[in-house]
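Colleague: Residue numbers (my numbering): 43 to 211.
One structure coming up, written as structure tokens, with questions to follow.
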């Protein structure tokens, strides 16, 4: 009789712990979806900032950074990379990676099969203020983004990862 009671209690405990973990997973998914919707709305309204925390060179070398960002407020576009990404030899070219454009624009490209949403930012930055673009991929159920910077000839220039947050009105 004791063995049956232990077996019953063990089964009941397993069922209750499964229900609790299911509730936690659902709450986490809802939180991720809300974060994603907030980030998506910020992209669509063109009022956001992407705080960049990882930069990858053309050759794939990873550089950790802070103080780097992409900001957009309507047509006002600002692209800035931190001085710690530039060595002493390249410090004279630092202004190439710190620019603003009064006529930036963003367009929605579409949604991938896995739920990631893609946008393309068009603007002028760099030392010659040439047209450039940035492909923005907002990861599904997240506020994390992948940025791919492209030259005026649509060649890859570098990539970055960061967190997107809306700008206050």
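All C-beta atoms, glycine included, are put in the ideal place defined by N, C-alpha and C.
Over what stretch of residues does the beta strand (DSSP E) that includes residue 165 continue unbroken?
Modeller: 159 to 167
Colleague: Residue 106 to residue 202, Cα distance in whole Å?
Modeller: Between residue 106 and residue 202, the C-alpha separation is close to 10 Å.
Colleague: Under the rule that 16 or more other beta-carbon atoms within 10 Å means buried, what is residue 133, buried or exposed?
Modeller: Any reading at residue 133 must be qualified, since the residue scores a pLDDT of 44, below 50, and its modelled position is unreliable; the value itself is stated next. Answer is exposed; the Cβ neighbour count stays below 16.
Colleague: Given that a residue counts as buried once 16 or more other Cβ atoms are within 10 Å of its Cβ, and exposed if not, what is residue 151?
Modeller: exposed
Colleague: Ends of the beta strand (DSSP E) at residue 203?
Modeller: Looking at the DSSP string, the run of the beta strand (DSSP E) that includes residue 203 is 198 to 208.
Colleague: Closer than 6 Å by C-beta to residue 142: which residues in its own chain qualify, once you throw out the five before and the five after it? Chain order, please.
Modeller: Within its own chain, the residues whose Cβ lies closer than 6 Å to the Cβ of residue 142, once the five positions on either side in sequence are excluded, are 120, listed in chain order.
Colleague: Could you tell me if residue 84 is buried or exposed, where buried requires 16 or more neighbouring beta carbons within 10 angstroms of its beta carbon?
Modeller: buried
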